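Each number in the UniProt record's numbering comes from the position in the sequence shown (counting from 1) with 9 added on.
To start, the structure under review is shown below, and the notes come after it.
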Amino acid sequence: IDSKLPDIGTTIFTVMSGLASKHNAVNLGQGFPDFPMSEELTGLVNTAMKDGFNQYAPAPGWMPLREAIAEKISFLYNTTVDPDTEITITPGGTYAIYTALTTVLQPGDEVIIFEPAYDSYIPNVTINGAIPVLIDLQFPDYRINWEEVKKKITPRTRMIMLNTPHNPTGSVLREDDIEALREIVQDTNILILSDEVYEHLIFDNIPHQSMLRYPDLLERSFVCFSFGKVYHCTGWKMGYCVAPSALTKEFRKVHQFNCFSAHTPSQVALAAFLQNRESYLSLAPEMQQKRDYFQDLMSKTRFTPLPSYGSYFQCYQYNRISDEGDKDFAIRITKEFGIATIPVSAFYRSGKDDKVIRFCFAKKESTLAQAAERLSKI
Ligand code: GLN
10 IDSKLPDIGT TIFTVMSGLA SKHNAVNLGQ GFPDFPMSEE LTGLVNTAMK
60 DGFNQYAPAP GWMPLREAIA EKISFLYNTT VDPDTEITIT PGGTYAIYTA
110 LTTVLQPGDE VIIFEPAYDS YIPNVTINGA IPVLIDLQFP DYRINWEEVK
160 KKITPRTRMI MLNTPHNPTG SVLREDDIEA LREIVQDTNI LILSDEVYEH
210 LIFDNIPHQS MLRYPDLLER SFVCFSFGKV YHCTGWKMGY CVAPSALTKE
260 FRKVHQFNCF SAHTPSQVAL AAFLQNRESY LSLAPEMQQK RDYFQDLMSK
310 TRFTPLPSYG SYFQCYQYNR ISDEGDKDFA IRITKEFGIA TIPVSAFYRS
360 GKDDKVIRFC FAKKESTLAQ AAERLSKI
């Protein structure tokens with residue numbers, strides 16, 4: 010057939026997880042926790058099923074869950090969002106991003122994407138006939154060069170895609186980024202897609218620069234979130250999208266004829282779970298402890314750390330070890346040393362290779378210790 014995505018192969022996450030199982034490797038590649046999720050939350054979902062919440066939820070989502078999210082947004086960001094018209098529950102964060110792009114993009118529209126970029130972004134844009142306009146984040150701190158963004162804006166620019174905390178690098182937006190963004194978008198019709206699936210996983214007391222904090226930016230934004238990422242249940246495929254009512258109305262038109270609605274018992278359970286603020290306030294310190302534990306172990310290896318301020322990823326350079334390309338290196342250490350990671354060149358369309366690999370540290374301490382033991386031999 011005439012492929013709609015001719016340049017796209019199998020996602021690197023599938024490739025590296027497959028290789029990890031084949032070689033019985035410690036898998037710090039694909040981003041998912043190996044420790045159990047909250048027992049309270051699994052209890053709540055069991056109860057919801059037993060109580061008979063097993064039929065379709067309303068397409069925009071179970072109302073008590075949307076209300077709980079609106080309450081959280083008001084508490085964390087001091088912003089009022091209408092759960093009826095501005096929040097939609099989705100089967101996963103990736104689905105929310107795809108739906109938002111499909112809702113607004115017309116053929117020929119330009120979308121600014123920063124690389125390294127999560128690997129679904131570019132195919133999500135091109136399948137809609139739109140054009141990715143790629144800008145490299147500045148190596149090695151992976152911050153945005155806003156002067157370059159200004160130069161790449163044209164009358165066709167329809168959207169800027171942001172991701173904070175950032176996958177794969179763990180960089181985060183700062184207040185001065187918000188100022189620069191504001192200056193660029195004001196008085197234009199440029200929309201923002203903000204991927205905030207690692208919302209609660211931000212370290213060192215850095216405030217999360219959510220678009221939800223800024224009403225003038227929120228009014229042009231789709232902001233996408235993931236329960237799977239923050240509550241350690243990536244297999245649930247549960248997320249949500251917050252957007253002003255005019256955008257949400259169009260988003261729901263696409264959603265209703267695609268998945269229609271998300272898993273009902275999980276929504277009922279999450280609505281109850283979110284009532285307790287600790288359910289999200291406890292997440293950053295827990296994950297920060299894992300980052301620090303992993304960094305400490307890794308300091309005894311020959312890998313060179315790059316900073317991680319959020320997400321559950323940390324990148325390392327291996328240029329003191331080898332001059333192989335990062336894919337070759339990642340494949341070799343999976344096979345020879347039993348440790349799977351993700352080569353960061355997979356997140357550049359050009360395949361740009363800074364000899365950096367990504368590790369997921371959302372793992373039990375014993376897993377991280379075993380990984381570091383193997384890595385110290387490289
Ligand atoms: N978001 C996950 C990661 O970055 C991968 C999810 C997936 O495999 N689609 O590792």
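Built from N, CA and C at the ideal position, the CB exists for glycine as well.
Just so we're clear, the structure is a prediction, and the values are computed from it rather than from any experiment.
{"query": "Tyrosine 249: first and last residue of the uninterrupted beta strand (DSSP E) it sits in", "result": "248-251"}
{"query": "Which of helix, strand or coil DSSP assigns to isoleucine 96", "result": "strand"}
{"query": "Proline 69, DSSP secondary structure in three states", "result": "coil"}
{"query": "Environment of aspartate 185 [buried if 16+ CB atoms lie within 10 Å]", "result": "exposed"}
{"query": "Residue from Pro174, Gln379 and Asp204 with nearest C-alpha to methionine 168", "result": "Asp204"}
{"query": "Residues near proline 352 by beta carbon distance below 6 Å, same chain, minus five either side", "result": "Asp335, Lys336, Ala339 and Ile366"}
{"query": "Check: asparagine 176 C-beta below 6 Å from any heavy atom of ligand 1", "result": "yes"}
{"query": "8 Å CB neighbourhood of leucine 110 in its chain, flanking five on each side removed", "result": "Val120, Asn133, Val134, Asn137, Ala139, Met168 and Leu202"}
{"query": "Cα-Cα separation between valine 206 and phenylalanine 236, rounded to whole angstroms", "result": "8 Å"}
{"query": "Any non-hydrogen atom of ligand 1 closer than 6 Å to phenylalanine 22 Cβ", "result": "yes"}
{"query": "Residues of its chain near phenylalanine 41, where Cβ-Cβ distance is below 6 Å and the 5 sequence neighbours each way are ignored", "result": "Thr243"}
{"query": "Residues sharing a beta bridge with threonine 166, DSSP", "result": "Glu119"}
{"query": "Exposure of glutamate 124, with buried meaning 16 or more beta-carbon neighbours within 10 Å", "result": "buried"}
{"query": "Option in Leu292, Val232 and Thr310 with minimal Cα separation from tyrosine 240", "result": "Leu292"}
{"query": "N-terminal and C-terminal residue of the alpha helix (DSSP H) that valine 113 is part of", "result": "102-113"}
{"query": "Strand pairing of glycine 124, partner residues [DSSP]", "result": "One point to set straight first is that residue 124 is glutamate, not glycine, in the sequence displayed. Answer by DSSP bridge pairing, in chain order: Asp145."}
{"query": "Length at least 3, wholly inside the region 196-265: the beta strand (DSSP E) runs in chain order", "result": "200-204, 230-235 and 248-251"}
{"query": "Distance, glutamine 39 Cα to leucine 146 Cα", "result": "22 Å"}
{"query": "Under the three-state DSSP convention, the category valine 35 falls into", "result": "strand"}
{"query": "Near ligand 1: glycine 40 beta-carbon under 6 Å from a heavy atom", "result": "yes"}
{"query": "Alpha-carbon spacing of valine 158 relative to arginine 191, whole angstroms", "result": "12 Å"}
{"query": "Close Cβ partners of threonine 56 (< 8 Å) along its chain, the five nearest in sequence each way excluded", "result": "Ala278"}
{"query": "Limits of the unbroken beta strand (DSSP E) element including isoleucine 366", "result": "365-369"}
{"query": "Whole-angstrom distance between glycine 61 and aspartate 150, CA atom to CA atom", "result": "50 Å"}
{"query": "Given 8 Å, three or more beta-carbon pairs between the region 212-229 and the region 257-266", "result": "no"}
{"query": "CA-to-CA distance, alanine 349 to residue 392, given in whole angstroms", "result": "This structure cannot speak to residue 392, because the chain is shown only from 10 to 387."}
{"query": "Best match in Pro316, Lys13, Ile131 and Asp93 for proximity to residue 393 [C-alpha to C-alpha]", "result": "This structure cannot settle anything about residue 393, because the visible part of the chain is limited to 10 through 387."}
{"query": "Range of the contiguous alpha helix (DSSP H) that encloses glutamine 304", "result": "292-307"}
{"query": "C-beta contact flag for serine 385 and lysine 299 at 7 Å", "result": "no"}
{"query": "Span of the beta strand (DSSP E) around tyrosine 321", "result": "Run containing tyrosine 321: none; DSSP gives neither H nor E here."}
{"query": "For leucine 74, three-class secondary structure by DSSP", "result": "helix"}
{"query": "Contact belief for threonine 99 with tyrosine 289 at Cβ below 8 Å, rounded distance in angstroms", "result": "Their Cβ separation, rounded to whole angstroms, is 18 Å, which puts threonine 99 and tyrosine 289 out of contact at 8 Å."}
{"query": "Methionine 25 versus glutamine 379: straight-line alpha-carbon distance, rounded", "result": "18 Å"}
{"query": "Straight-line gap, tyrosine 321 to threonine 178 (C-alpha atoms, nearest Å)", "result": "9 Å"}
{"query": "Isoleucine 106 and arginine 75 closer than 7 Å at C-beta", "result": "no"}
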